[in-house]
Amino acid sequence: MNQTITVKIAVLGLPGVGKSNLVNQILSRGFFHNYDPFIEDTFQYSCCVDNELHLVYISDSGAEDGLSFLCQNPLEEFNCFILVFSIVDLDSFLYLKKAINYIYYQKNTEEVPILIVGNKIDLIDQRKVLFENALEFSNSNNCLYWEISTKNQENCNECLIQILRENRKFPTNCYCEIYEKENKCEIF
Ligand SMILES: Nc1nc2c(ncn2[C@@H]2O[C@H](COP(=O)(O)OP(=O)(O)OP(=O)(O)O)[C@@H](O)[C@H]2O)c(=O)[nH]1
Ligand SMILES: [Mg+2]
0 MNQTITVKIA VLGLPGVGKS NLVNQILSRG FFHNYDPFIE DTFQYSCCVD NELHLVYISD
60 SGAEDGLSFL CQNPLEEFNC FILVFSIVDL DSFLYLKKAI NYIYYQKNTE EVPILIVGNK
120 IDLIDQRKVL FENALEFSNS NNCLYWEIST KNQENCNECL IQILRENRKF PTNCYCEIYE
180 KENKCEIF
């Protein structure tokens, strides 16, 4: 019997930024070339990060507009957030401020683990959001920043590792449960 940290992650961002593909890559299901909008689902995943066993529930928001998912789902259900934008779509980056403000307002605190993810770095030639600007924005909003390509499978698992590490800095977020089932577990 192991002690497990249960983490509930919401993946948010405007349509088309690559949320579902990020979740797919984390779950080792590969890259989906066809755009299949608005899939909304929660997946369960076990992994071991820094010798700590985590039971992760990851929710792919798939909302028609970014904020409607936040409004329709009680934010208390989630203790971590991954906010995805596309580095080739400025609007998807500008949207993040609204999402962050909403999360902090609803949670009534800024002590919330948030990872901002700039996706589609394989399209670097078409970049509309500079790395420096995204990093500065993230730092000034108390968030981590990471760049990925779900298409090239670049840095996707690190998103999960980073948010789980960040989560452990917030002890009240670490709901430990006795986890009795034998589980297949990824080890990082
Ligand atoms: N070039 C490139 N295309 C990507 C990448 N990630 C996603 N895409 C493409 O972008 C489109 C949208 O990807 P999804 O993962 O479905 O985006 P989503 O955020 O889940 O979209 P909604 O469900 O509508 O909110 C698809 O056509 C993907 O193939 C990437 O890293 N690079
Ligand atoms: Mg989707």
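All residue numbers for the sequence shown refer to numbering that gives the first Met the number 0, where the first residue is 0 and numbers rise by one.
By construction, the Cβ of each residue, glycine as well, lies at the ideal position given by its N, Cα and C atoms.
A quick note: this is a predicted structure, and the numbers were derived from the prediction, not measured.
Whole beta strand (DSSP E) runs in the segment 53-109 with 3 or more residues, listed along the chain? Complete beta strand (DSSP E) runs here, min 3: 79-85.
Unbroken alpha helix (DSSP H) run spanning Q43, endpoints: The residue labelled residue 43 in the question sits at position 44 within the sequence shown. For Q43, no alpha helix (DSSP H) encloses it; the enclosing beta strand (DSSP E) starts and ends at D40 to V48.
Can you determine whether any heavy atom of ligand 1 sits closer than 8 Å to the C-beta of I120, and answer yes or no? Here residue 120 refers to the residue found at position 121 when the sequence shown is read from its first residue. Short note on I120: C-beta closer than 8 Å to some heavy atom of ligand 1.
Short check: CB of L11 to CB of D90, under 9 Å? Here residue 11 refers to the residue found at position 12 of the sequence shown. Here residue 90 refers to the residue found at position 91 of the sequence shown. Judged by their CB atoms, L11 and D90 are not nearer to each other than the 9 Å cut-off.
Are the beta-carbon atoms of L159 and C46 separated by less than 9 Å? As a first step, residue 159 must be located in the sequence shown, where it is residue number 160. As a first step, residue 46 must be located in the sequence shown, where it is residue number 47. In this structure, L159 places its C-beta atom within 9 Å of the C-beta atom of C46.
How many whole angstroms separate the CB atoms of L134 and A98, which I take to be in contact at a CB cut-off of 8 Å? Position 135 of the sequence shown, counted from the start, is the residue given in the question as residue 134. Position 99 of the sequence shown, counted from the start, is the residue given in the question as residue 98. Not really, about 18 Å apart at Cβ, beyond 8 Å.
Nearest-angstrom Cα separation, counted from L93 out to K150: The count along the sequence shown starts at 1 and reaches residue 150 at position 151. The count along the sequence shown starts at 1 and reaches residue 93 at position 94. Straight-line Cα distance between these residues: approximately 23 Å.
Cβ pair Y144, I102 closer than 9 Å: Here residue 144 corresponds to residue number 145 of the sequence shown, with the count starting at 1. Here residue 102 corresponds to residue number 103 of the sequence shown, with the count starting at 1. For Y144 and I102, no; Cβs fall outside 9 Å.
Quick check: what's the CA-CA separation for N205 versus R167? This structure leaves residue 205 out entirely; the chain is present only between 0 and 187.
For the alpha helix (DSSP H) that contains L163, what are its first and last residues? Indexing the sequence shown from 1 puts residue 163 at position 164. Going by DSSP, L163 is part of the alpha helix (DSSP H) stretching over C155 to N166.
In angstroms, rounded to a whole number, what distance separates the CA positions of Q71 and A9? Counted from its first residue, the sequence shown places residue 71 at position 72. Counted from its first residue, the sequence shown places residue 9 at position 10. One C-alpha to the other measures close to 13 Å.
Closest to L54 by CA distance: which of E165, V48 and Y44 is it? Position 55 of the sequence shown, counting from 1, holds the residue named residue 54. Relative to L54, the option among E165, V48 and Y44 whose CA is nearest is Y44.
Should F90 be counted as a contact of ligand 1 given a C-beta to heavy atom distance under 8 Å? If you number the sequence shown from 1, residue 90 lands on position 91. According to the sequence shown, residue 90 is Asp rather than Phe. Every heavy atom of ligand 1 is 8 Å or more from the Cβ of D90, so no.
Check whether the Cβ of F77 sits closer than 8 Å to any heavy atom of ligand 4, and report yes or no. Because ligand 4 does not appear in the structure shown, any question about it cannot be addressed here, the ligands present being ligand 1 and ligand 2.
Thinking C-beta only, is I162 closer than 9 Å to I120? One-based indexing of the sequence shown puts residue 120 at position 121. One-based indexing of the sequence shown puts residue 162 at position 163. Contact: no.
Write down the C-beta distance between S85 and K18 rounded to the nearest angstrom, noting that I regard them as a contact closer than 8 Å. Reading the sequence shown from its first residue, position 86 is the one you call residue 85. Reading the sequence shown from its first residue, position 19 is the one you call residue 18. In this structure S85 does not touch K18 by the C-beta definition: roughly 10 Å separates them, more than the 8 Å allowed.
From the DSSP output, which residues share a beta bridge with A193? Outside the displayed range of the chain (0 to 187) lies residue 193, so it cannot be described from this structure.
Return yes when at least one heavy atom of ligand 2 lies under 8 Å from the C-beta of D49, else no. For the purposes of this step, residue 49 is taken as residue 50 along the sequence shown, with counting starting at 1. No; taking the cut-off as 8 Å, the Cβ of D49 has no heavy atom of ligand 2 nearer than that.
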